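In my numbering, the protein residues as written are -2 to 424. Read through the structure below, which is laid out as structure tokens, and then see the notes.
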RNA sequence: GGAGAGAUGGCAGAGUGGUUGAAUGCACUGGUCUUGAAAACCAGCAAGGAUGCAAGUCCUUCCAGGGUUCGAAUCCCUGUCUCUCCGCCA
């Protein structure tokens, strides 16, 4: 959501910024609507004032035992006109809101311009990408281990689901546990176990609604399945006015995520890279406006630290204007090296949403010593996607000599003594 | 699923048709006092919006949406949520 007064003050800045995302000039229509609405509103308020004043007079006259019939009739007349203005005002406000809530966040100045992912800019690399001669893809490794079963999953649920068992199921859980423990123990995050089903309001607050319904699953009673724990975690502060001392808030959660993947037909159809359901450890930070840039870097470090500890090579990129998401002002993607694909693939996305989501969900705070409230800044990042981390571990720790997979050192404490997954081991 | 109670400002909690945007307490802000602090005392303190150079004026909001009325936090209807008791249940 956008600050209407800021748009009034400097419409060109908004149009220029939106142009970087490929949008045509939006402010003329917005300003026209806004102007009309304010005119109607002023009119409406004047009538309301008259009604209020006269009603008070009636009260005074009646309390003195007088006859107020004449004024009462007068107010009845005002009410008819008023109803018309109120209706028009309501419609205009709704239209304005519809336009504003469908427009993406402004981009930070240092976001590189470009039409799509080809223009993203790499900012650093970590680790040496292993490039074995005949690297297998994760699903080949998983199936040879006999622990990754797409057929059964398809029988149960259709395409884009997987069933894993034995050591592989445990390895997935170990990854999640390790990530949570690291974020809570070393990075200062508070672990949260949130609802996975949320209302419209929550989805609106974090920007999934009203524009992106086709990406979501909805229950028969109208709740939405979260596509990321960002929704649950960020909306914790919806409709609240926080004290400065409460900030920053740092939440982490390990949850399933549900995505319809409409429009991604044909993409990543094999394996578990793109599923309707996957686990992700999410990080969400709620901070004062002057702290969000710094927090964005910190959060990205936290995600990178997970990959470093897992011994996985990765690179970090800044998304360009055309690739940056709806809510984000700036986004870093972290891409992990996958030998089986001979490529870096996204495993985390860390975004600074500035006050964009906070405005939508009315999340504010009161800076110490002031009376005014201000919108908070919200940030979210994967820390990291568990399914894709599993892919990375399989491909990077694969032992071609026996088809096994070594357990990374940091996961060993979670594996109950298993140091290597082996085919048909039943481990 | 059955029966009942409730939803008020940052928090707690009064308020059942007419200067109630809302008592009181806590928290918070400023001041007095104090070497400093605490305590005590005094004062201020809801949010959002329109209008105005400004001071200010005005409007809306007491869960949400309808309705009754000249006038609604207060009455009526619907919905949502919370709590209590009973039943069922991971």
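Ideal placement from N, C-alpha and C gives every residue a C-beta, glycine not left out. Bear in mind the structure is a predicted one, so any value in this text is a computation, not a measurement.
Contact under 8 Å by Cβ, residue i with residue j
{"i": "residue 350", "j": "residue 297", "result": "no"}
{"i": "residue 418", "j": "residue 168", "result": "yes"}
{"i": "residue 193", "j": "residue 231", "result": "no"}
{"i": "residue 319", "j": "residue 116", "result": "yes"}
{"i": "residue 299", "j": "residue 184", "result": "yes"}
{"i": "residue 374", "j": "residue 389", "result": "no"}
{"i": "residue 245", "j": "residue 284", "result": "yes"}
{"i": "residue 37", "j": "residue 86", "result": "yes"}
{"i": "residue 407", "j": "residue 307", "result": "yes"}
{"i": "residue 186", "j": "residue 248", "result": "yes"}
{"i": "residue 145", "j": "residue 161", "result": "yes"}
{"i": "residue 372", "j": "residue 361", "result": "yes"}
For residue j and residue i, believed in contact at Cβ under 8 Å, the rounded distance
{"i": "residue 7", "j": "residue 324", "result": "With a Cβ gap of about 21 Å, residue 7 and residue 324 do not count as contacting."}
{"i": "residue 195", "j": "residue 223", "result": "6 Å"}
{"i": "residue 357", "j": "residue -2", "result": "5 Å"}
{"i": "residue 135", "j": "residue 292", "result": "Residue 135 to residue 292, Cβ: 33 Å. No contact."}
{"i": "residue 65", "j": "residue 75", "result": "Wrong, their Cβ atoms sit about 15 Å apart, outside the cutoff."}
{"i": "residue 273", "j": "residue 294", "result": "About 33 Å; that fails the 8 Å criterion."}
Assigned exposure category for residue i - 16 Cβ within 10 Å defines buried
{"i": "residue 414", "result": "exposed"}
{"i": "residue 432", "result": "A query on residue 432 cannot be resolved here, the shown segment of the chain reaching from -2 to 424 and no further."}
{"i": "residue 421", "result": "exposed"}
{"i": "residue 261", "result": "exposed"}
{"i": "residue 405", "result": "buried"}
{"i": "residue 240", "result": "exposed"}
{"i": "residue 345", "result": "buried"}
{"i": "residue 424", "result": "Only weak support exists for where residue 424 lies, its pLDDT of 42 falling under 50; the coordinates are left without a value."}
{"i": "residue 14", "result": "buried"}
{"i": "residue 301", "result": "buried"}
{"i": "residue 39", "result": "exposed"}
{"i": "residue 4", "result": "buried"}
{"i": "residue 326", "result": "buried"}
{"i": "residue 29", "result": "exposed"}
First through last residue of the beta strand (DSSP E) which encompasses residue i
{"i": "residue 347", "result": "340 to 349"}
{"i": "residue 330", "result": "327 to 335"}
{"i": "residue 415", "result": "Looking at the DSSP string, residue 415 is not in any beta strand (DSSP E), and its letter there is neither H nor E."}
{"i": "residue 102", "result": "Where residue 102 is concerned, there is no enclosing beta strand (DSSP E), given that its DSSP letter is neither H nor E."}
{"i": "residue 157", "result": "First-last for residue 157: undefined, no H or E at that position."}
{"i": "residue 119", "result": "118 to 123"}
{"i": "residue 136", "result": "It is not in any beta strand (DSSP E) - residue 136 instead sits in the alpha helix (DSSP H) that spans 135 to 142."}
{"i": "residue 362", "result": "361 to 363"}
{"i": "residue 312", "result": "311 to 315"}
Check: residue i C-beta below 7 Å from any heavy atom of the ligand GDP
{"i": "residue -2", "result": "This structure does not include the ligand GDP; it has no bound ligands of any sort."}
Span of the alpha helix (DSSP H), counted from its first residue to its last, around residue i
{"i": "residue 37", "result": "24 to 60"}
{"i": "residue 71", "result": "66 to 98"}
{"i": "residue 292", "result": "289 to 307"}
{"i": "residue 169", "result": "163 to 182"}
### Message
If we require 3 or more residues per run, which beta strand (DSSP E) segments fall completely within the region 196 to 280?
### Response
238 to 240, 246 to 255
### Task
Could I get the ranges of all uninterrupted beta strand (DSSP E) runs contained in the region 374 to 405, with 3 residues as the minimum, in chain order?
374 to 382, 401 to 403
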